[in-house]
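**Q** Let me begin by handing over the structure; questions about it come next.
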Amino acid sequence: MQKKAFHFHLFEQRSGTFVGSCGLHHINWDVPRMEMGYWIDSRFAGKGYMTEAAKALMSYAFYTHYTHRLEIRCDRSNNKSRAIPEKLGFMLEATLLENERSPHTGELMDTCIYTAFHPSVSRPPESISEKQNSALHYSN
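Each residue of the sequence shown is one higher than the last, beginning at 1 in the numbering used here.
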């Protein structure tokens with residue numbers, strides 16, 4: 001039986017306080033493709049914890065599970081959430097317009113889809129321009 005998701009809890013090393021969670025879900029083992037999700041307690045936002053966790057999760061997806069395509073989806077208006085894939089070298093592949101309702105306000109929102117490919121991919125799929133190619137590769 002293949003795993004359908006991987007979930008991780010994050011704790012502050014110094015205090016042991018629960019900080020947030022992250023994981024891999026919507027897995028398609030035939031590609032293989034995974035989606036990374038994350039949540040952080042607002043008291044700990046802006047301290048780099050989630051970027052550190054996302055970087056480790058990215059490595060886990062690529063080097064433990066040999067994921068070919070890794071996606072992060074987030075609300076276009078959530079700049080803090082969008083900053084993480086941008087810092088990690090993901091490419092903004094698409095923005096889906098008014099495709100979800102905000103859980104907070106109920107208003108329609110746009111979803112950004114960021115992608116990264118396994119470092120062994122020498123060039124991205126044909127639909128991605130050469131200008132965007134430099135954003136596809138993860139480096140330690």
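Even glycine gets a Cβ: it sits at the ideal position worked out from N, Cα and C. Since the model is a prediction, treat every value here as computed from it, not as a measurement.
Distance, Cα to Cα, HIS7 vs TRP39?
**A** Approximately 11 Å, taken between the alpha carbons.
**Q** Assuming GLY20 contacts PHE44 under a Cβ cut-off of 8 Å, what Cβ separation, rounded to an integer in Å, is found between them?
**A** Right, their Cβ atoms sit about 7 Å apart.
**Q** Among ASP30, TYR60, GLY48, which residue has its Cα nearest to the Cα of GLY23?
**A** Nearest option by C-alpha distance: TYR60.
**Q** So what's TYR38 in DSSP terms, helix, strand or just coil?
**A** Strand.
**Q** Among LYS4, GLU12, ASP41, whose alpha-carbon lies nearest the alpha-carbon of HIS26?
**A** Measuring from the Cα of HIS26, the nearest candidate turns out to be LYS4.
**Q** Exposed or buried, what is SER77 when buried is set at 16 or more other beta-carbons lying within 10 Å of its beta-carbon?
**A** Exposed.
**Q** To the nearest angstrom, report how far apart ARG14 and GLY48 are at their CA atoms.
**A** Approximately 14 Å, taken between the alpha carbons.
**Q** Among LEU10, THR115, GLN2, ASP41, whose alpha-carbon lies nearest the alpha-carbon of ALA53?
**A** Out of LEU10, THR115, GLN2, ASP41, LEU10 has the C-alpha closest to the C-alpha of ALA53.
**Q** Roughly how many angstroms separate the alpha carbons of THR51 and GLY37, rounded to a whole number?
**A** Straight-line Cα distance between these residues: approximately 12 Å.
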